[in-house]
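S.K.:
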Amino acid sequence: MFNKRTASALSRISRIRSQANAIIEAELSARGMSGLVPAHGSVLACLYANQGPVPMKSIVEFTGRAKSTVTVMIRTLEKHGYISRVRSTDDGRVTLVALAPRGVEIQKDFDEISTQLLSTFYGIMPAEQRALLIDLLEQVESNFTN
Numbered sequence: 062m063f064n065k066r067t068a069s070a071l072s073r074i075s076r077i078r079s080q081a082n083a084i085i086e087a088e089l090s091a092r093g094m095s096g097l098v099p100a101h102g103s104v105l106a107c108l109y110a111n112q113g114p115v116p117m118k119s120i121v122e123f124t125g126r127a128k129s130t131v132t133v134m135i136r137t138l139e140k141h142g143y144i145s146r147v148r149s150t151d152d153g154r155v156t157l158v159a160l161a162p163r164g165v166e167i168q169k170d171f172d173e174i175s176t177q178l179l180s181t182f183y184g185i186m187p188a189e190q191r192a193l194l195i196d197l198l199e200q201v202e203s204n205f206t207n
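Heads up, the sequence shown is in the working numbering, so the first residue is 62 and it goes up one at a time.
Structure follows, in structure tokens:
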């Protein structure tokens with residue numbers, strides 16, 4: 062049922078993630094973007110996509126991470142001045158997260174790093190293969206969540 066090549070899929074995914082994180086970390090360091098780690102990218106991507114204060118719940122859904130994990134990331138990003146948190150005026154139980162000026166300032170760098178990373182990830186892979194790869198990864202991911 063398993064051969065050496067198919068059994069190594071998880072190891073391969075792990076190596077790809079490590080290599081991608083190394084690229085991100087090198088770029089963050091080269092650009093002087095202190096206090097950021099690769100995991101913060103999904104939180105920032107959510108805020109850049111929404112262009113305004115976002116409920117914490119929306120960030121949890123966007124990132125697919127546990128609320129406790131997102132809370133820690135938000136605290137770190139706030140500590141380093143990339144985001145700010147405020148209570149919703151409509152519902153005091155809801156925490157809204159917004160980009161702080163420093164978070165807005167790094168959007169160009171964020172976009173450049175993301176573009177570089179995706180270019181490396183996909184290489185010269187044709188669009189059809191990219192779509193197939195995403196379909197297959199979604200299928201694998203659903204195996205763990207269903």
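Quick reminder that beta carbons are idealized off the backbone N, C-alpha and C, glycines included. Because the structure is a prediction, the values reported are computed rather than measured.
If we ignore side chains and look at the alpha-carbon of each, how far apart do Q190 and T176 end up?
M.R.: Within the sequence shown, the letter at position 129 stands for residue 190. Within the sequence shown, the letter at position 115 stands for residue 176. Rounded to the nearest angstrom, the two C-alpha atoms are 18 Å apart.
S.K.: Take every Cβ of the stretch 107-121, pair it with every Cβ of the stretch 183-200, and state whether three or more of those distances are shorter than 8 Å.
M.R.: No, because fewer than three Cβ pairs between the stretch 107-121 and the stretch 183-200 fall closer than 8 Å, the two stretches do not touch.
S.K.: For my contact list, S145 and A159 are in at a C-beta cut-off of 8 Å; report their separation, rounded to the angstrom.
M.R.: Walking along the sequence shown from the start, residue 145 turns up at place 84. Walking along the sequence shown from the start, residue 159 turns up at place 98. The Cβ separation is near 6 Å, so the contact holds.
S.K.: Please specify which runs of the beta strand (DSSP E), each continuous and at least 3 residues long, are wholly inside the stretch 145-205, giving them in chain order.
M.R.: The stretch 145-205 contains these whole beta strand (DSSP E) runs: 156-160.
S.K.: DSSP on V115, reduced to helix/strand/coil?
M.R.: Taking the sequence shown and counting its residues from 1, one reaches residue 115 at position 54. V115 falls in the strand class under three-state DSSP.
S.K.: Should G96 go down as buried or exposed, given a rule of 16 or more other Cβ atoms within 10 Å for buried?
M.R.: One-based indexing of the sequence shown puts residue 96 at position 35. Result: exposed.
S.K.: Nearest by alpha-carbon distance to E122: which of A87, S103, V133 and K140 is it?
M.R.: As a first step, residue 122 is located in the sequence shown; it is residue number 61 there, counting from the start. Ranking the options by Cα distance to E122, first place goes to S103.
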